[in-house]
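J.:
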Amino acid sequence: MSLIALTAETAATSDAEAVFPPFNPEYWESQAFWLVVSFAILYLVLSRFILPRMASTMEKRGTRIAKDLDEAARLNDEAEEAQQALQVEMAKARSQARETAAEAQAKIESQISAETSAADEKIAAKLGEAEAKISAMRAEALSNVENIAAQTAEAMASRLGLKVSGADATKAVKSVLDAR
Numbered sequence: 003m004s005l006i007a008l009t010a011e012t013a014a015t016s017d018a019e020a021v022f023p024p025f026n027p028e029y030w031e032s033q034a035f036w037l038v039v040s041f042a043i044l045y046l047v048l049s050r051f052i053l054p055r056m057a058s059t060m061e062k063r064g065t066r067i068a069k070d071l072d073e074a075a076r077l078n079d080e081a082e083e084a085q086q087a088l089q090v091e092m093a094k095a096r097s098q099a100r101e102t103a104a105e106a107q108a109k110i111e112s113q114i115s116a117e118t119s120a121a122d123e124k125i126a127a128k129l130g131e132a133e134a135k136i137s138a139m140r141a142e143a144l145s146n147v148e149n150i151a152a153q154t155a156e157a158m159a160s161r162l163g164l165k166v167s168g169a170d171a172t173k174a175v176k177s178v179l180d181a182r
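What follows is the structure, encoded as structure tokens:
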């Protein structure tokens, strides 16, 4: 039994001392004092040191962001101007290329027409020569035909028993050929 009494006595003394100190009304005055002192120090540190630095940092960042935005807008305008200038230069280059191509085409066409006319002249000259040769050959052939026809007429007449002179046979053949 003495063990149970000892346990009960120990439990009674530990219950009274087991209260959490912040909830113990005996310490509330000192806790309130230190709470006010801590908040006052925290307020002074924040208002005098930390918040002004944060405000100046935010102001510097705002100013820097505004400057960066202005610089970006300026660079954007310059880029647009450069792009427009590039487009103008490209248009000029295209028009110059078209002009150069047109000039080259005209030059080539004039060379082709000159070479074509020279070739046509050569062909016409050769054609004239060929026609002259053909005419000469035709005239020679016709004269040979007249002679052959006259000889043939003379030979046929002699076979038929007629006497025809070479001159008469030639006259007869010429008159027949001229009549055609």
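For the sequence shown, this note's numbering begins at 3 and goes up steadily by one.
By construction, the Cβ of each residue, glycine as well, lies at the ideal position given by its N, Cα and C atoms.
#1: Cα separation between residue 115 and residue 106?
#2: Hey, would you say residue 181 sits closer than 8 Å to residue 168, going by beta carbons?
#3: Taking only three categories from DSSP, how would you classify residue 64?
#4: In the DSSP assignment, find the unbroken alpha helix (DSSP H) run with residue 21 in it and report its ends.
#5: Using a threshold of 8 Å, state whether the C-beta atoms of residue 147 and residue 156 are closer than that.
#6: Quick one: is residue 104 buried, meaning 16 or more other Cβ sit within 10 Å of its Cβ, or exposed?
#7: Counting only the same chain and skipping the five closest in sequence on each side, list residues whose C-beta sits under 7 Å from that of residue 38.
T.: Based on what the coordinates show:
#1: 14 Å
#2: no
#3: helix
#4: Careful: residue 21 lies outside any alpha helix (DSSP H) and carries neither H nor E.
#5: no
#6: exposed
#7: none
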